[in-house]
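In this note's numbering, the protein residues as written are 15 to 277.
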């Protein structure tokens with residue numbers, strides 16, 4: 015058994031799940047290549063909390079359809095993966111006093127929209143984790159550091175969001191690659207590959223590209239948790255590294271970079 019990978023997955027629009035696209039194919043192929051985990055911890059942009067980090071601790075969390083105005087096919091989807099109360103308790107112990115177990119919360123689109131392509135059988139025990147919006151970037155990364163031992167226990171840690179996510183601009187920018195988005199992608203990709211963590215957790219007040227790309231923040235912050243789990247021996251690589259206007263699908267692996275070659 016080798017150390018389990020850590021991932022950040024750009025999940026994009028719910029339509030990614032029901033349309034033909036290279037990004038969904040990339041997720042499907044990665045699921046076939048990964049060492050099969052004993053459990054998954056998914057940090058989701060779609061579960062915002064304040065002053066606490068919540069973890070699903072129910073035995074059978076329900077599927078949440080946290081979007082409006084999409085085809086019925088999406089609302090009919092269910093991701094009936096079993097919960098893992100044991101993993102929820104273990105993660106809470108590692109996080110510390112701000113962790114809260116939640117028996118009632120389910121799996122939102124940030125969770126199943128990422129994992130359904132990779133693990134469609136929905137058989138791997140799964141825990142979803144919220145993003146505490148009161149923390150700064152470095153505090154999110156440090157929670158990732160505390161969770162790092164899970165990788166040695168064959169737990170796959172997945173941050174689910176988007177590096178670039180600005181819905182207010184998405185419709186008008188759709189189908190283009192704005193200069194600010196290309197610039198922000200270049201900078202973040204370089205910082206990831208060169209281990210420049212401060213460039214990913216702190217941005218200058220006058221950094222216009224970061225202000226536009228990160229916007230409300232909740233979709234960017236899940237990147238910082240798998241970043242925090244990084245070990246000295248980890249390779250880092252990007253895949254699904256595309257931009258559509260004000261949304262990017264850039265995804266990242268920490269561990270064996272060969273697993274994402276060609277994706």
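All C-beta atoms in this analysis are idealised placements derived from N, C-alpha and C, irrespective of residue type, glycine included.
Apart from the five residues on each side of it in sequence, which residues of its chain come closer than 7 Å, Cβ to Cβ, to residue 117? Within the chain shown, residue 117 is the residue found at index 103, counting from 1. Within the same chain, residue 117 has close Cβ partners 71, 72.
Output the distance between the C-alpha atoms of residue 38 and residue 172, rounded to the nearest integer angstrom. In the chain shown, residue 38 corresponds to position 24, counting from 1. In the chain shown, residue 172 corresponds to position 158, counting from 1. In a straight line, the C-alpha of residue 38 is about 16 Å away from that of residue 172.
List the residues that DSSP assigns as beta-bridge partners of residue 114. Reading the chain shown from its first residue, position 100 is the one you call residue 114. BP columns for residue 114 point to 68.
Sequence-distant residues of its chain with Cβ nearer than 7 Å to residue 197 (five each side left out): Locating residue 197 in the chain shown gives position 183, where the first residue counts as 1. For residue 197, where only same-chain residues beyond five positions count, the Cβ hits under 7 Å are 223.
Would you mind reading off the limits of the beta strand (DSSP E) that contains residue 146? Numbered from its first residue, the chain shown carries residue 146 at position 132. Taken as a continuous stretch (DSSP letters only), the beta strand (DSSP E) holding residue 146 covers 140-146.
Which residues share a DSSP beta bridge with residue 179? As a working note, residue 179 is residue 165 in the chain shown. Beta-bridge pairing links residue 179 to 261.
Can you tell me which of the three DSSP states residue 267 falls into? Numbered from 1 along the chain shown, position 253 holds the residue referred to as residue 267. In the structure shown, residue 267 sits in a strand (DSSP, three-state: E or B).
Reducing DSSP to helix, strand and coil, say where residue 133 ends up. Locating residue 133 in the chain shown gives position 119, counting from the first residue. The answer is coil: DSSP assigns residue 133 none of H, G, I, E or B.
By the three-class DSSP mapping on this structure, what secondary structure does residue 97 have? In the chain shown, residue 97 corresponds to position 83, counting from 1. Correct three-state label for residue 97: strand.
Just to confirm before moving on: does the CB-CB distance between residue 262 and residue 195 stay below 8 Å? Counted from its first residue, the chain shown places residue 262 at position 248. Counted from its first residue, the chain shown places residue 195 at position 181. Yes, the Cβ-Cβ distance between residue 262 and residue 195 is below 8 Å.
CA-to-CA distance, residue 238 to residue 158, given in whole angstroms: In the chain shown, residue 158 corresponds to position 144, counting from 1. In the chain shown, residue 238 corresponds to position 224, counting from 1. So the two alpha carbons sit approximately 7 Å from each other.
Helix, strand or coil for residue 275 per DSSP? In the chain shown, the residue the question calls residue 275 occupies position 261. Residue 275: coil per DSSP, three-state reduction.
Say whether the stretch 131-139 touches the stretch 34-49, bearing in mind that this needs 3 or more beta-carbon pairs closer than 8 Å, one atom from each stretch. yes
Straight-line Cα distance separating residue 256 from residue 165: In the chain shown, counting from the first residue as 1, residue 165 sits at position 151. In the chain shown, counting from the first residue as 1, residue 256 sits at position 242. Near 28 Å, if we compare the C-alpha coordinates of residue 256 and residue 165.
CB contact flag (residue 250, residue 274, <8 Å): As a working note, residue 250 is residue 236 in the chain shown. As a working note, residue 274 is residue 260 in the chain shown. Their beta carbons are not under 8 Å apart, which means residue 250 does not touch residue 274 by this criterion.
Taking DSSP as the reference, what is the three-state secondary structure of residue 54? Numbered from its first residue, the chain shown carries residue 54 at position 40. Three-state result, residue 54: strand.
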